[in-house]
Structures are given as C-alpha cells and as structure tokens.
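Be aware that the sequence shown starts at 50, since it is given in the numbering used here, and climbs by one per residue. Below: one structure, written as structure tokens.
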Amino acid sequence: MGLLNKLRVAHDRQAATPSAGGDKHPTGTPVGDRSGPAYALGVRLSNGLKEFLWHLNGIGNGSLLDLGPVWQTTVSFFVERGFKVYTEDLLGAWKEFLRVEEDRLREIAPGMDAVEMTPAARAERFLSNSLQYSPDTFDAVLAWDLLDYLDGELVPRVVTRLTELIKEGGVILAIFHSRKPDCFFRYRVVNVQNFELLPSPALFPAQRIFQNREIQNLFSRFHSSKTFVGRDQLREGLFIR
C-alpha cells in the first residue's frame, strides 16, 4: 500500500509498546506515552498537518524530527508510514540548560569576566550540545509552537540550524499564536488531519507574538511557505526547503 493510501486511514492508532532495545529518544529515553489528568485531550482539525503529510507522500525511508516530547502515538504514526523518527524536546532541554546556567552565574566571583553569560553566548553554548545531526538529515520537522517560547537570541539560531539539517525539498510544520496563550500545550499527532493539544505545566511564558513579516524573515531561506489560520488563534506555518 502506498503512503497516500495509508495517509487516508482516519482512525487513531493505539500506542504500541516498544520491544526491548526498540525505539529510543536520541538521548537514551525510551519512547513512551504519557497519561493522567494533566494531559486531558483536545483534538484539533489541522489543515497544516494534512498539507504536511501530503508533501511527504511518496517519500520512502524518510527521516522526521519531532521537537516536542516523546509520544508513542506520534512515533507509531510515522514509523508505520516508513519514517525513521527522531525526538528532541528542545524546550525541555532549554529549561534544564537555563537552570544549570543560573547555577554557573551564581558562582562567578565579582570582577570575573561574565561576557560568556550574555544571551547571545548562552544561545551559542546551548546549540553546541543540541540539534547535533549531520546536514541534510531530515525530510520533515515538527516544530510545533517552540519558537513562541524560546529566547530571542536563540530563535534565529535554531531556525538556521534547522535549515541546515533539513534536506532540499524538506518541510517544517510550525505553530504560531496570534495572541498570548492562556495555557501551555504539548502536541501529538492523532491521524492524518488532527493533532491533540495537551495542557501541561508551563515551562516558560510565551515570549512573543510573531508578526507575519517576522516569520517570513526567519524562514527566508525556504523556497515557499503556506499559512493556515484557525479560529482558535493558532496559525500553522508550512515551510518548504
């Protein structure tokens, strides 16, 4: 069965239990689902996701990077369609990095050079240990609403890194809020045109509301883009390399 036919499967796949030594997060975290009252379901119809999947139609043995936490439903969805899935929770990693940086800052004695603690230096230091993949590794990236929450010095550096990592003709799906969100969400794929918004403890407040021109400038090295605006104040951006 071709990928296009597979993409027409409309029901959600049940989370598969990884076998011993099976799929793992690049840092060694086993792939696993989350549950509990903190993760109440909210399913959203997504034209951006539908277009994202249409763009991936026909790719055999592709590679996809999910920049959110590991969800078995998302992993299974793409693995069943022939993709190798990588997951790197960049926002969670940034949170932990800042905690360590705060400890370092407290240890700097008066008179010591604190230049390396500037936002720009901090962003460079973070990326020296994050998104460490070879150029042209990925056919697709799920960025979700990551860019709304990252530090201003980090955002353009992350987009530049992703531009290097994604193959020519590859695609990024990103979400941008049209106003400051009332709740912090994580996201996972349900089926070919729906994803779940899962309320979660906020790692950071939203740092900005991107204007359309700012988004275009960030992704200026991409050949084309599409935007899908929903009634729920979410803008889905599709960027084709």
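Backbone N, C-alpha and C define an ideal beta-carbon position, used for all residues, glycine too. These figures come from a predicted structure and were not determined experimentally.
C-beta atoms of phenylalanine 132 and glycine 111 nearer than 8 Å:
For phenylalanine 132 and glycine 111, yes; Cβs fall inside 8 Å.
Worksheet item: How about arginine 210 and leucine 180: do their beta carbons lie closer than 8 Å?
Response: Their beta carbons are under 8 Å apart, which means arginine 210 touches leucine 180 by this criterion.
List the residues that DSSP assigns as beta-bridge partners of lysine 275.
-> In the DSSP secondary-structure assignment, lysine 275 is bridged to Leu287.
Notebook entry, point to check: Which stretch, first to last residue, makes up the beta strand (DSSP E) that contains glycine 218?
Noted result: Boundaries of the beta strand (DSSP E) harbouring glycine 218: 215 to 226, taken from the DSSP string.
Simplified DSSP state of arginine 206, which is helix, strand or coil | Of the three classes helix, strand and coil, the one that applies to arginine 206 here is helix, per DSSP.
Comparing alpha-carbon positions, which option in Val204, Tyr236, Asn266 and Asn243 lies nearest arginine 257?
Nearest of Val204, Tyr236, Asn266 and Asn243 to arginine 257, Cα basis: Val204.
- Task: Please specify which runs of the alpha helix (DSSP H), each continuous and at least 4 residues long, are wholly inside the region 128 to 199, giving them in chain order.
- Result: Qualifying alpha helix (DSSP H) stretches, in chain order: 139 to 156 and 168 to 176.
>> Comparing C-alpha positions only, which one of Arg270, Phe268, Arg235 and Lys275 sits nearest to arginine 93?
In response: When Arg270, Phe268, Arg235 and Lys275 are compared, the shortest CA-CA separation from arginine 93 is found for Arg235.
- Query: Looking at C-alpha atoms only, which residue of Phe271, Pro248 and Leu140 is the closest neighbour of aspartate 200?
  - Reply: Aspartate 200 has its Cα closest to that of Leu140, out of Phe271, Pro248 and Leu140.
- Which of helix, strand or coil does DSSP assign to phenylalanine 233? If DSSP states are grouped into helix, strand and coil, phenylalanine 233 belongs with coil.
- Task: Measure from the alpha carbon of arginine 171 to the alpha carbon of each residue in Val207, Glu137 and Thr136, then state which is nearest.
- Result: Selected option, being the one with the closest Cα: Val207.
Exercise for the section: Out of Ile108, Trp143 and Arg280, point me to the one whose CA is closest to glutamate 202's CA. Expected result: Selected option, being the one with the closest Cα: Trp143.
Would glycine 117 pass as a contact of glutamate 285 if the rule is Cβ separation under 8 Å? The Cβ-Cβ distance between glycine 117 and glutamate 285 does not fall below 8 Å.
Open item on the list: Between which two residues does the beta strand (DSSP E) holding phenylalanine 244 run?
Closed with: Boundaries of the beta strand (DSSP E) harbouring phenylalanine 244: 243 to 248, taken from the DSSP string.
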